[in-house]
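In mature numbering (1 follows the signal peptide of the UniProt record, and there is no 0), the protein residues as written are -18 to -1, 1 to 216.
Report on the following structure.
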């Protein structure tokens, strides 16, 4: 066999050994993680999403100033907004939109304990499936486990806070004025249901963003356990 061919084979062999060695080291390293550690890592990630992202929604104008989750008018009411603005009543429309967002902001304060309970109840198998699943698998898990309970919790809070932030009076005034405009269809929307659903959408959106960041950005893995657990899905 020619020396040049021997050199190529030798180089390939050494390169393969190096790669196999790296793979072996990674397997050995990941093998040190127990199912409990994997579950704990996922729980840390979800808790981080809840505490760092959902809490932002409860701050002043947490919904209103966040373009990703800001609650706009439902389709049924968009004609109210355009009609009011055409009559020079844009300020009233702005007040109404802000009131909806303030109502959602208050309701979301009820979310954290419910999320943390769902996170604590996560099984080892669920954790492993989430870790190796889609990039928003953890958010999907939380949505499945909490959506019904959160809706039931949010709705009475939304209803109560419509009065607290004055949204009920603002919208009663807006809708009354709109319904008095000639040749318009009368409207009477269920704003409580709408704001409750939109508040939930905003909550899951923020958790989803945090999950994607942790999966994609090494700098977002703020603990050693997070780094080791999410290295398994890289």
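Beta carbons are placed, not taken as given, at the ideal position from N, Cα and C, and that holds for glycine.
Would you give the residue range spanned by the alpha helix (DSSP H) that residue i belongs to?
| i | result |
| --- | --- |
| residue 185 | 173 to 198 |
| residue 84 | 72 to 89 |
| residue 66 | 57 to 68 |
| residue 108 | 106 to 113 |
| residue 140 | 119 to 146 |
| residue 94 | 93 to 102 |
| residue 29 | 17 to 31 |
| residue 210 | 206 to 213 |
To which residues of the same chain is residue i closer than 8 angstroms at the C-beta, ignoring the five residues directly before and after it?
| i | result |
| --- | --- |
| residue 96 | 128, 131, 132, 135 |
| residue 67 | 75 |
| residue 200 | 209 |
Report all residues from its chain with a CB closer than 7 angstroms to the CB of residue i; omit the five preceding and five following residues, and keep chain order.
| i | result |
| --- | --- |
| residue 207 | 19, 22, 23, 26 |
| residue 203 | 196, 209, 212 |
| residue 45 | 39, 51, 52, 53, 83, 86, 87, 184 |
| residue 180 | 53, 86 |
Using a Cβ-Cβ cutoff of less than 6 angstroms, which residues in the same chain neighbour residue i once the five nearest sequence positions on both sides are dropped?
| i | result |
| --- | --- |
| residue -9 | For residue -9, the predicted model reports a pLDDT of 33, less than 50, meaning its position is unreliable and no value from the coordinates is stated. |
| residue 143 | 85, 88 |
| residue 55 | 63 |
| residue 149 | 81, 85 |
| residue 155 | none |
| residue 109 | 20, 21, 24 |
From this set, the options, which residue's C-alpha is nearest residue i's C-alpha?
| i | options | result |
| --- | --- | --- |
| residue 174 | 126, 35, 89 | 89 |
| residue 15 | 106, 138, 58 | 106 |
| residue 70 | 159, 117, 198 | 159 |
| residue 34 | 187, 215, 198, 119 | 187 |
| residue 59 | 140, 32, 78, 117 | 78 |
| residue 137 | 61, 178, 37, 198 | 178 |
| residue 172 | 116, 98, 141 | 141 |
| residue 92 | 116, 36, 48 | 36 |
Are the Cβ atoms of residue i and residue j separated by less than 9 angstroms?
| i | j | result |
| --- | --- | --- |
| residue 112 | residue 29 | no |
| residue 94 | residue 32 | yes |
| residue 118 | residue 190 | yes |
| residue 57 | residue 121 | no |
With a threshold of 8 angstroms (Cβ to nearest heavy atom), would residue i be considered close to the ligand MN?
| i | result |
| --- | --- |
| residue 72 | Only the bare structure without any ligand can be found here, which leaves the ligand MN out of the picture. |
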